[in-house]
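By numbering that gives the first Met the number 0, the letter at position 145 of the sequence shown is numbered 144, and the numbering carries on one by one without gaps.
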Amino acid sequence: MALHEMKAPKSADAATDVFASALSERVLPKHRMPEEPNIPAVVYAMLHNELLLDGNSAQNLATFCTTWTDDEVRRLMDECLDKNMIDKDEYPQTAEIESRCVNILADLWNAPGSATGEGTAIGCSTTGSSEAAMLGGLALKWRWREKRRKEGKPTDRPNLVCGPVQICWDKFARYFDVELRQIPLEPGATGLRPHQLKEYVDENTIGVVAILGVTYTCDYEPVAELAAELDRIQQETGLDVPIHVDAASGGFVAPFLHRDLVWDFRLPRVSSINASGHKFGLAPLGVGWAVWRTADLLPEDLVFRVSYLGGDMPTFALNFSRPGGEIVAQYYNFLRLGRVGYRRVQEACALTAQYLAEQIAEMGPFTLLYDGQGGLPAVSYTLTDPEGAGFSLYDLSDQLRMRGWQVPSYPLPPDRQETVIQRVLIRHGIGRDEVDLLAQDIRRCLERLEKGVPSDADRAGFHH
Ligand SMILES: *Cc1c(COP(=O)(O)O)cnc(C)c1O
0 MALHEMKAPK SADAATDVFA SALSERVLPK HRMPEEPNIP AVVYAMLHNE
50 LLLDGNSAQN LATFCTTWTD DEVRRLMDEC LDKNMIDKDE YPQTAEIESR
100 CVNILADLWN APGSATGEGT AIGCSTTGSS EAAMLGGLAL KWRWREKRRK
150 EGKPTDRPNL VCGPVQICWD KFARYFDVEL RQIPLEPGAT GLRPHQLKEY
200 VDENTIGVVA ILGVTYTCDY EPVAELAAEL DRIQQETGLD VPIHVDAASG
250 GFVAPFLHRD LVWDFRLPRV SSINASGHKF GLAPLGVGWA VWRTADLLPE
300 DLVFRVSYLG GDMPTFALNF SRPGGEIVAQ YYNFLRLGRV GYRRVQEACA
350 LTAQYLAEQI AEMGPFTLLY DGQGGLPAVS YTLTDPEGAG FSLYDLSDQL
400 RMRGWQVPSY PLPPDRQETV IQRVLIRHGI GRDEVDLLAQ DIRRCLERLE
450 KGVPSDADRA GFHH
């Protein structure tokens with residue numbers, strides 16, 4: 000038999016090396032499922048190596064999401080692999096833990112009466128802030144429609160007023176047939192300014208979204224001032240417009256770092272809040288939260304009842320089956336860190352962000368848009384003279400990528416789309432020294448970019 004006719008053994012044995020096995024000696028099937036099974040260890044090794052191409056999440060300074068976890072979280076996630084959080088009857092303790100998390104968040108966000116257990120806040124877990132935003136938006140739309148119907152007024156043109164929101168709100172508006180009235184950024188602004196509201200709010204406005212931690216720049220929109228402006232609008236026009244706070248990141252930062260900032264249920268106009276457990280909530284990917292100030296703000300006909308220990312359990316969600324581990328991991332973090340622990344973690348991140356901001360400011364070509372103070376632990380900046388710099392922020396992102404750093408560059412939303420910015424997020428797991436190394440690399444990249452692209456001769460060390 001010619002060598003090329005020899006078939007690889009159908010089932011490799013213990014003696015077969017992972018990289019001398021049937022699967023590893025071929026290009027992996029990409030369009031059709033292979034006919035035969037493969038050895039788990041070989042498949043694992045192939046996928047493990049392929050995934051290295053994704054880059055290193057510890058150097059991903061673009062993401063808000065958790066990239067560092069306690070080993071205990073990994074163990075709990077493993078133990079919860081088979082738990083479907085929607086089966087409240089089969090996994091009543093997971094359901095109980097979800098409910099504890101909602102209560103803890105209602106208390107953290109100062110829902111009336113929550114600390115004493117007498118509160119009437121209501122909420123649920125989701126897959127992230129996107130699903131939570133959809134639920135928050137749906138509740139606003141239902142309430143507005145109910146009120147309009149009672150008044151005998153048309154209900155066909157709802158709108159939602161907001162500033163530079165994350166894409167999930169565009170999705171909400173499109174999927175659920177609501178006009179998104181996105182207010183353009185004023186010159187020099189990074190978020191919605193209260194005085195802009197009156198031109199956009201009308202009788203068809205289902206609510207205003209205020210962002211605690213603007214995705215682009217990482218500072219907070221002034222929720223209390225926006226609420227005060229809506230109070231004024233109500234006095235003048237009678238329009239009573241509720242606020243939903245998109246606190247995807249800030250919901251887990253402000254209660255620890257900015258305790259005097261009033262942005263949450265302390266403001267009567269705030270009817271609901273969403274946050275991402277998997278961002279500064281420190282839980283692994285796949286969990287978010289939505290909380291309403293009181294049960295009446297969540298219309299009954301949006302809530303479905305599932306059987307739960309012979310009773311019934313209200314659920315409000317876009318998804319059905321979903322893993323329970325992230326919820327358990329969220330509760331683990333609440334117990335593990337406590338308020339003091341969360342404060343220390345977020346404070347360490349904020350101080351590191353401020354350290355980076357000082358470095359960035361010293362480098363020369365940059366103007367800080369956000370210096371890591373008063374909002375999320377992050378830094379955002381732009382080129383002071385984009386025309387004269389001789390390079391773009393995109394070039395700098397590319398250069399940094401060569402060392403593995405992922406630092407995104409992108410334009411601000413309208414009307415500031417001509418301003419390109421760069422943003423660095425400091426999360427749990429990113430230490431001061433790592434950020435110092437990043438600053439050194441930025442300096443080196445700047446030197447290289449300012450010199451321009453070297454010729455082959457320059458690189459080889461020849462001089463004319
Ligand atoms: C990340 C983010 C979202 C979306 O949250 P996911 O948890 O990724 O679904 C929504 N709004 C803001 C302000 C965000 O930062």
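Glycine included, every Cβ here is placed at the ideal spot set by N, Cα and C.
| CB of histidine 243 to nearest heavy atom of ligand 1: below 8 Å? | Numbered from its first residue, the sequence shown carries residue 243 at position 244. No, ligand 1 has no heavy atom inside 8 Å of this Cβ.
| Minimum C-alpha distance to alanine 110 - residue among Asp263, Thr125, Ala131, Pro36 | In the sequence shown, the residue the question calls residue 110 occupies position 111. Here the closest residue by C-alpha is Asp263.
| Backbone CA spacing between alanine 132 and alanine 246 [nearest angstrom] | Here residue 132 refers to the residue found at position 133 of the sequence shown. Here residue 246 refers to the residue found at position 247 of the sequence shown. Cα to Cα, alanine 132 sits roughly 10 Å from alanine 246.
| query | aspartate 414: which of Leu191, Phe18, Glu35 sits nearest, CA to CA? | reply | In the sequence shown, counting from the first residue as 1, residue 414 sits at position 415. In terms of CA proximity to aspartate 414, Leu191 leads the group Leu191, Phe18, Glu35.
| Cβ-Cβ separation, glutamine 416 to leucine 395 (assumed contact under 8 Å), whole Å | For the purposes of this step, residue 395 is identified with residue 396 of the sequence shown, where counting begins at 1. For the purposes of this step, residue 416 is identified with residue 417 of the sequence shown, where counting begins at 1. In fact, because the Cβ distance is near 19 Å, the residues do not count as touching under 8 Å.
| query | Is any heavy atom in ligand 1 found nearer than 8 Å to the beta carbon of serine 128? | reply | Sequence index remark: in the sequence shown, residue 128 carries index 129 (1-based). Checking every heavy atom of ligand 1 against the Cβ of serine 128, one is found closer than 8 Å.
| request: Could you tell me whether the Cβ atoms of leucine 238 and threonine 204 are closer together than 9 Å? | output: The residue given as residue 238 occupies position 239 in the sequence shown. The residue given as residue 204 occupies position 205 in the sequence shown. Yes, these two residues count as a Cβ contact at 9 Å.
| request: Starting from the Cα of histidine 194, find the closest Cα among Arg321, Ala223, Lys170 and give me that residue. | output: Residue mapping note: residue 194 aligns to position 195 of the sequence shown, counting from 1. Comparing Cα-Cα distances from histidine 194 to each of Arg321, Ala223, Lys170, the minimum goes to Ala223.
| query | Which of helix, strand or coil does DSSP assign to phenylalanine 365? | reply | Translated into positions along the sequence shown, residue 365 becomes position 366. Reduced to three states, the DSSP call for phenylalanine 365 is strand.
| Whole-angstrom distance between phenylalanine 175 and leucine 137, CA atom to CA atom | Within the sequence shown, residue 137 is the residue found at index 138, counting from 1. Within the sequence shown, residue 175 is the residue found at index 176, counting from 1. Taking the straight line from one Cα to the other gives about 8 Å.
| query | Using the rule of at least 16 other Cβ atoms within 10 Å of the residue's Cβ for burial, across every protein chain shown, is proline 8 buried or exposed? | reply | For the purposes of this step, residue 8 is taken as the residue at position 9 of the sequence shown. Its pLDDT being 48, under 50, proline 8 is placed unreliably in this model, and the coordinates cannot settle the point.
| message | Only counting the same chain, and skipping five residues up and downstream in sequence, which positions put a Cβ closer than 6 Å to that of phenylalanine 333? | response | Counting from one through the sequence shown, the residue named residue 333 turns up at place 334. Answer for phenylalanine 333: Ile103, listed in chain order.
| task | Consider the C-beta atom of histidine 277 and the heavy atoms of ligand 1; say whether any pair is separated by less than 8 Å. | result | Here residue 277 refers to the residue found at position 278 of the sequence shown. Yes; taking the cut-off as 8 Å, the Cβ of histidine 277 has a heavy atom of ligand 1 nearer than that.
| field | phenylalanine 18 - partner residues in DSSP beta bridges | value | Taking the sequence shown and counting its residues from 1, the one referred to as residue 18 is at position 19. Bridge pairing for phenylalanine 18: absent [DSSP].
| query | Can serine 275 and serine 248 be called in contact, C-beta distance under 9 Å? | reply | Locating residue 275 in the sequence shown gives position 276, counting from the first residue. Locating residue 248 in the sequence shown gives position 249, counting from the first residue. Yes. Within cutoff.
| field | Minimum C-alpha distance to phenylalanine 171 - residue among Lys140, Met401, Asp81, Val200 | value | Numbered from 1 along the sequence shown, position 172 holds the residue referred to as residue 171. Of the listed residues, the one whose Cα sits closest to phenylalanine 171 is Lys140.
| Cβ pair proline 376, valine 252 closer than 9 Å | Position 377 of the sequence shown, counted from the start, is the residue given in the question as residue 376. Position 253 of the sequence shown, counted from the start, is the residue given in the question as residue 252. Yes. Within cutoff.
| task | Just tell me which of Ile38, Ser454, Glu34, Cys167 has its CA closest to the CA of alanine 19. | result | Taking the sequence shown and counting its residues from 1, the one referred to as residue 19 is at position 20. Closest by alpha carbon: Ile38.
| message | Checking 9 Å against the spacing of the C-beta atoms, do phenylalanine 279 and arginine 426 come in under that value? | response | Locating residue 279 in the sequence shown gives position 280, where the first residue counts as 1. Locating residue 426 in the sequence shown gives position 427, where the first residue counts as 1. For phenylalanine 279 and arginine 426, yes; Cβs fall inside 9 Å.
| field | C-alpha gap between glycine 151 and leucine 296, whole angstroms | value | Walking along the sequence shown from the start, residue 151 turns up at place 152. Walking along the sequence shown from the start, residue 296 turns up at place 297. Their backbone Cα atoms lie some 21 Å apart in a straight line.
| How would you label glycine 310, buried or exposed, when you count the other beta carbons within 10 angstroms and need 16 or more for buried? | The residue given as residue 310 occupies position 311 in the sequence shown. Label assigned to glycine 310: exposed.
| field | Spatial neighbours of aspartate 16 in its chain, beta-carbon cut-off 6 Å, leaving aside the 5 residues before and after | value | If you number the sequence shown from 1, residue 16 lands on position 17. Closer than 6 Å at Cβ, skipping near neighbours: no residue.
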